[in-house]
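Below you can see the structure in the form of structure tokens.
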């Protein structure tokens, strides 16, 4: 038996392409011989740290991305709709409190990452499908309730999410992503023979599969959507 | 028999990702039920017209792209090496005379596009494999000779390439690309049921196949490399 390759997925729920990357990787952890590690991080910190600008500022690129996301949503089977005001949602309101909350969920969860996965998914669904807020405590609560967490767990996580410990954890994950060469999300870091191999975006799965010795089989069925 | 779908491929030999897109599309015209139309255009005009900036200006993105191109070169079987000074080659020297020359080849060629294909490939090989000039008349001649054109044909094409007619043709193709929503190359415009569907980059083949009702079978064998 060959040992499982570790793939770290760095993401932020503010990023729609991360949503595709997240769902595809969550499916492929049951297909490939890999251990997937979810790494919530903060895209705002990446853009600032890398000196990158959002691609949507070029008008033709913005129009294309809108179309591209619609096509990919259908192809990957990941329900996604842009919020009415994407600039406000992504850059003015942002995702700092949401990603601190996901970091707190990750910190508290033992024996797996089902809660991190489900809470992340519910937050994406809010911003990238239902055009709902993800900045207020009551918004985070709603997402966590849908993800199956209890009221008492959520209360504790909301408190924890504003602690210095969690703020530093999120900063640390973001810094680690920058050190891997990140300039945006999603970013996958594959550990193959002790060497990290970084892949950016949700359009390198086939290439990534080739590099880690697995096979790309196209988008797999969206099992999580079955419960919708 | 269903009618063949027309796919226009807009490209510039200064663009390495266009090289991948070009080779893959040249292979798939023998695999899919399509008519491929090669559309030489000018990337400099696209970047200016769309208000876009080269992605390599962000340091982490530049490092990643270098790695990404090496991986894709191996995966697609398209021999590619960055020139020693990519910024000089791409932005200072540029591709205006080269793309005017390719436009002249396209204008003169009758009954197919074998010459356009071969001359484009030889120009790519010069800049993106051999780190050679593509701006001087003698450079264009060398590429065209390797592509199988005769000395007298080349002499005529070099003259034609500086004519107002050809300058206007290249401008027209570039303008047409902008009107299709281009902000970079390669750009594929698929005409499906009378509606143009635009795809950008060399990482949307699988999605494009899905949209035009064909099947993506991965990179096909590099038949043109057999003669190298």
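Chains as they are written, first to last, in our numbering: chain A, 63 to 290; chain B, 63 to 290. Idealized CB from N, CA, C, for every residue including glycine. The structure presented is a predicted model; accordingly, all values stated were derived computationally and were not measured.
Exposed unless 16 or more other CB atoms sit within 10 angstroms - verdict on residue i
i             : result
residue 66/B  : exposed
residue 146/B : exposed
residue 248/A : buried
residue 230/B : exposed
residue 289/B : For residue 289/B, the pLDDT reaches just 46, beneath the cut-off of 50, and the residue's location in the model is therefore unreliable, although a value from the coordinates is still provided. Its Cβ having fewer than 16 others within 10 Å, residue 289/B is exposed.
residue 155/A : buried
residue 283/A : exposed
residue 71/A  : buried
residue 241/A : exposed
residue 80/A  : buried
residue 234/B : exposed
residue 157/B : buried
residue 149/A : exposed
residue 212/A : exposed
residue 214/B : exposed
residue 227/B : exposed
C-alpha distance - residue i paired with residue j, whole-angstrom precision
i             : j             : result
residue 256/B : residue 216/A : 53 Å
residue 194/A : residue 177/A : 20 Å
residue 185/B : residue 131/B : 18 Å
residue 259/A : residue 253/A : 6 Å
residue 167/B : residue 244/A : 42 Å
residue 273/B : residue 187/A : 25 Å
residue 78/B  : residue 207/A : 48 Å
residue 173/B : residue 270/B : 27 Å
residue 133/B : residue 192/B : 18 Å
residue 100/B : residue 68/A  : 42 Å
residue 175/B : residue 118/B : 32 Å
residue 63/A  : residue 285/B : Confidence at residue 63/A is low in this model, with a pLDDT of 48, below 50, so its placement is unreliable and the value that follows should be read with caution. Their backbone Cα atoms lie some 37 Å apart in a straight line.
residue 127/A : residue 239/A : 24 Å
residue 123/A : residue 204/B : 37 Å
residue 89/B  : residue 279/B : 11 Å
residue 246/B : residue 262/B : 7 Å
residue 171/B : residue 164/B : 10 Å
residue 129/A : residue 153/A : 20 Å
residue 98/B  : residue 250/A : 34 Å
residue 110/B : residue 92/B  : 35 Å
residue 281/B : residue 266/B : 13 Å
residue 96/A  : residue 268/A : 15 Å
residue 151/A : residue 223/A : 21 Å
Presumed contact (8 Å Cβ cut-off) between residue i and residue j, rounded CB distance
i             : j             : result
residue 291/B : residue 120/A : Outside the displayed span of chain B (63 to 290) sits residue 291/B, for which this structure offers no information.
residue 125/B : residue 135/B : Not a contact, Cβ separation roughly 16 Å.
residue 202/A : residue 159/A : 7 Å
residue 102/B : residue 73/B  : 7 Å
residue 161/A : residue 75/A  : 7 Å
residue 108/A : residue 236/A : 6 Å
residue 84/A  : residue 182/A : 7 Å
Residue nearest to residue i in terms of C-alpha spacing, selected from the options
i             : options                       : result
residue 232/A : 79/A, 189/A, 191/A and 104/A  : 104/A
residue 138/B : 97/B, 277/B and 264/B         : 264/B
residue 276/B : 115/B, 94/B and 152/B         : 94/B
residue 199/A : 221/A, 149/A, 226/A and 251/A : 221/A
residue 190/B : 171/B, 140/B and 224/B        : 140/B
residue 169/B : 91/B, 98/B and 225/B          : 225/B
residue 180/A : 157/A, 151/A, 153/A and 210/A : 210/A
Beta carbon proximity, residue i to chain D, threshold 8 Å
i             : result
residue 126/B : This model lacks chain D altogether; the protein chains it does include are A and B.
Interface positions of the stretch 257-274 of chain A facing chain B (Cβ-Cβ less than 8 Å), listed along the chain: 260, 262, 263, 265, 266, 268, 269, 272 and 273
Near-chain A residues of the stretch 134-150 of chain B (beta-carbon distance less than 8 Å), N- to C-terminal order: 134 and 137
Chain-ordered residues of the stretch 234-247 of chain B with a beta carbon less than 7 Å from chain A: 243, 244 and 245
Residues, ordered as in the chain, of the stretch 80-104 of chain A that lie near chain B by beta-carbon distance below 9 Å: none
Residues in the stretch 103-118 of chain B having any Cβ partner in chain A nearer than 7 Å: 112, 113 and 114
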